[in-house]
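First comes the structure, then the notes that go with it.
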Amino acid sequence: MRLEGVSVVNLVHNDFEDLELWYPVLRLREEGARVLLAGERAGETYRGKYGVPARSDIAYSVLGDEEFEALLVPGGWAPDRIRRFPEVIAFVREMNDEERIIGQICHAGWVLASAGVLSGRTVTSTPGIRDDLENAGATWVDEPVVRDRNIVSSRRPPDLPDYARELIAAIEERL
6 MRLEGVSVVN
16 LVHNDFEDLE
26 LWYPVLRLRE
36 EGARVLLAGE
46 RAGETYRGKY
56 GVPARSDIAY
66 SVLGDEEFEA
76 LLVPGGWAPD
86 RIRRFPEVIA
96 FVREMNDEER
106 IIGQICHAGW
116 VLASAGVLSG
126 RTVTSTPGIR
136 DDLENAGATW
146 VDEPVVRDRN
156 IVSSRRPPDL
166 PDYARELIAA
176 IEERL
């Protein structure tokens, strides 16, 4: 298992894109990573856009209490909720400052834009938030997956295999 002993956190809130949350979580777990879900409150069940549940392991308020090698943000409408929490924004900035791996897919770029970590970076996303990412200082490209230093970004569910492969490779290289 390539990621044995690695800790990863995936942010969750209602209306996440079901596949964009679960596919990377399952792939990373298959590689031996310990993946926790962080929500507004620990032990709360959130529902994806298509009704798939996800129960948070920890609360956003304790994100800084544990060492994580990577942070994942799923798409859907959840990122618009997630970015409203100051503790999440502070955590994203901390992870970026430490050059830890940050994965974003689809609308997840909203969270990174709100954290102010996209200036001078090249990313992709769903085309619907291209202007938001460019206005945050990023260069936007239409590619299945883009890696710019520690940020791995992807567009939408059909790109998940490419996204997961690049996330795993990025985490491995950081170890």
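For the sequence shown, the working numbering gives the first residue as 6, with consecutive numbering after it. Glycine residues also receive a C-beta, built at the ideal position from the N, C-alpha and C atoms.
### Message
Starting from Asp85, trace the alpha helix (DSSP H) in both directions and tell me its first and last residue.
### Response
83 to 87
### Message
Could you check whether the segment 49 to 58 touches the segment 7 to 16, counting it as contact only if at least three pairs of C-beta atoms, one from each stretch, sit closer than 8 Å?
### Response
no
### Task
Could you check what DSSP says for Arg34 in three-state terms: helix, strand or coil?
helix
### Query
Hey, quick one: how far does the alpha helix (DSSP H) through Asp137 stretch, first residue to last?
135 to 140
### Message
Which of the three DSSP states is assigned to Asn155 in this structure?
### Response
coil
### Message
Measuring only the C-alpha atoms, how far is Arg32 from Ala59?
### Response
16 Å
### Message
My assumption, with CB atoms under 8 Å, is that Ala143 sits in contact with Thr127. Please give the rounded CB distance.
### Response
7 Å
### Residues near Asp20 by beta carbon distance below 8 Å, same chain, minus five either side
Arg52, Gly53, Lys54, Gly81, Trp82, Ala83, Arg86
### Task
Drop a sphere of 10 angstroms on the beta-carbon of Arg46, count the other beta-carbons inside from all chains shown, and report buried for 16 or more, exposed for fewer.
exposed
### Message
Going by DSSP, what residue range makes up the alpha helix (DSSP H) through Ser119?
### Response
114 to 120
### Query
Per DSSP, Asn15 forms a beta bridge with which residues?
Leu42, Leu77
### Task
Name the residue from Ala169, Ala75, Gly69, Pro163 whose alpha carbon lies nearest to the alpha carbon of Leu180.
Ala75
#### Entry: Pro58 (DSSP reduced to helix, strand or coil)
strand
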